[in-house]
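2 protein chains.
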Amino acid sequence: MISKNKIKLLRSLRLKKYREQNKKTILEGTRLIDEAINASAQIDSVFATKEILHANQSLAEKIQSHHIPLDMINQYDLNGISDTQHSQGIIAVVKTSSFTIADLPNGLTDHIIILDNISDPGNLGTIFRTCAWYGIKSIVIASGTVDPFNFKSMRAGMGAHFYFNHIIIDNNQSIIDFLDADKFNMYCADLKGKDISKVNVNQKWAIILGSEAHGISSSFQNYDKITIKRSEKIESLNVSVACGIILEQLKK
Amino acid sequence: MISKNKIKLLRSLRLKKYREQNKKTILEGTRLIDEAINASAQIDSVFATKEILHANQSLAEKIQSHHIPLDMINQYDLNGISDTQHSQGIIAVVKTSSFTIADLPNGLTDHIIILDNISDPGNLGTIFRTCAWYGIKSIVIASGTVDPFNFKSMRAGMGAHFYFNHIIIDNNQSIIDFLDADKFNMYCADLKGKDISKVNVNQKWAIILGSEAHGISSSFQNYDKITIKRSEKIESLNVSVACGIILEQLKK
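Chains A and B, in that order, give the protein sequences.
Following this note's numbering, the numbering of the first sequence begins with 527 at its first residue and continues without gaps.
Following this note's numbering, the numbering of the second sequence begins with 527 at its first residue and continues without gaps.
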């Protein structure tokens, strides 16, 4: 059975400060943990109730066959760790790894997505899933964007986090300095700009996705703007939907 | 000031049964109400706190210039109506209009999106925004899909509801019978199928979007399947992201 101290440590991971200190976060639920194992995430340990293991025997066997330490926990203690109202009965402690932009090796990647002021963890997670779907390997968390390792971002990402080579967290100026020097062609996704279905984007690109409410932040305003043509005067497309449409177009 | 009976009526609109009886629902927040007015939604009345009207004078003027009845409400009463934890201080009562598939006039539309088992109101709202962006005029709510007029669906739709000519709510068999007879080419969006970037879709089409967790329901399984090619073995794309990618492709 899990110790009081361990519960306290796991509970502290709700806060960004402690996630950074420990380089760990928490995954909740059978589906997410299953995805994480499939994607070779570095899982420290799993804590589960008897009931959930009984109801999910193939996951229980997978945890065992991957030699992941497994400990029992009761529903009460689990609820104290989880940030959902109804915890699913299983959590995993997983190593997080993030980089600064200077860590990105030259020539490793030609395609980068930059998240500028994306404050909603649900949107962030959905963007991560979309980027993973299209094989993006480097994703950049710019100023004002929610922590990609908070529990809700992890849940919404549904395992996508583990498909990236580099999750980069840095400030806007460092990002700009590095990518300019490295000859990336930077484009802002915006309500006005060149129609993405007609634009010729250079081979080596970084796309900046901004906040739905406030658009691209001033740091990035000087770059070329691309847009998704609309039929109606509707306010905005969801940022993760825009991300998918842009990546499908750029695939060609 | 709003009466106790009126509060009771508005509060009842949280439940689908009363929304259907009254053919009304509630919009919450300045941005959504502003979008609804812009889209010529049929707004019965607005209830707001003094504070929010003071802080949003251009919206207050817009409500007045559109001759929409406006009544004061206090924050306590508002919290009793709203289903959010922190109500924004303003709600609007708006007429809903829905149709059955048999109401769809022949030849009116060539492009239909069918939502099959979309249970999350956030996803539904984001799909509505995406469809409105691409000028889709008829959207079909098939069995198992969340009520498009619940408060959360309305919030997530951000006004998109008011851009459609027909929001159709019907059962799967009626939908199939009608669209087959009307010579629509039906396609299911699925994990396996013909690559959407390469497929030639007939001019008159209906796309069926299914549940992320359970896929397309058995009623629709016999139709051709289209898919979005992926780079990684990641479980699934968010259904609203898939909707955007498909509509961008079909635009051509």
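For glycine and all other residues, C-beta sits at the position ideal for the given N, C-alpha and C.
Check, Outcome
"Assigned exposure category for T610 (chain A) - 16 Cβ within 10 Å defines buried", "exposed"
"9 Å Cβ cutoff met for K761 (chain A) and G741 (chain B)", "Residue identity differs from the one stated: residue 761 (chain A) is Glu in this sequence, not Lys. No; because the gap between Cβ atoms is not below 9 Å, this pair is not in contact."
"For K534 (chain B), three-class secondary structure by DSSP", "helix"
"Distance, L773 (chain A) Cα to A669 (chain B) Cα", "A small fix is needed here, since residue 669 (chain B) is Ser in this sequence, not Ala. Spanning the two alpha carbons is a distance of roughly 32 Å."
"Beta-carbon separation (whole angstroms), R540 (chain A) vs F677 (chain A), contact threshold 8 Å", "7 Å"
"Beta strand (DSSP E) segment containing M598 (chain A), residue limits", "L596 to M598"
"Straight-line Cα distance separating L535 (chain A) from L630 (chain A)", "31 Å"
"CA-to-CA distance, T656 (chain A) to N764 (chain B), given in whole angstroms", "8 Å"
"Listed by chain order, chain A residues near A686 (chain B) by CB distance under 7 Å", "I760"
"CA nearest to the CA of S757 (chain A), picked from B:N711, B:A658, B:I667 and B:D708", "B:A658"
"Per DSSP, the bridge partner or partners of Y713 (chain B)", "B:I733 and B:D750"
"Supposed contact pair K730 (chain A) and S636 (chain A) - C-beta distance, whole angstroms, cut 8 Å", "Sequence inspection shows Asp at residue 636 (chain A); the Ser mentioned does not correspond to that position. The Cβ separation is near 5 Å, so the contact holds."
"Any chain B beta carbon closer than 9 Å to Q775 (chain A)", "yes"
"Every unbroken beta strand (DSSP E) within the region 623-703 of chain B, with a cutoff of 3 residues, ordered by chain", "637-641, 664-667 and 692-695"
"Length of the line joining the Cα atoms of D673 (chain B) and T753 (chain B)", "26 Å"
"9 Å Cβ cutoff, A658 (chain B) in contact with chain A", "yes"
"Residue-level contact to chain B via CB, K755 (chain A), 9 Å cutoff", "yes"
"C-beta contact flag for I607 (chain B) and S571 (chain B) at 9 Å", "no"
"Rounded straight-line distance, which links the Cα of N649 (chain B) to that of N581 (chain A)", "The displayed chain sequence assigns Ala, not Asn, to residue 581 (chain A). In a straight line, the C-alpha of A581 (chain A) is about 28 Å away from that of N649 (chain B)."
"Closest by C-alpha distance to Q547 (chain A), when choosing among A:T622, A:V767 and A:H687", "A:T622"
"Neighbourhood of L579 (chain B) by C-beta, 6 Å cutoff - its chain only, sequence neighbours within 5 removed", "A586"
"V765 (chain A) - containing alpha helix (DSSP H), residue span", "V765 to L776"
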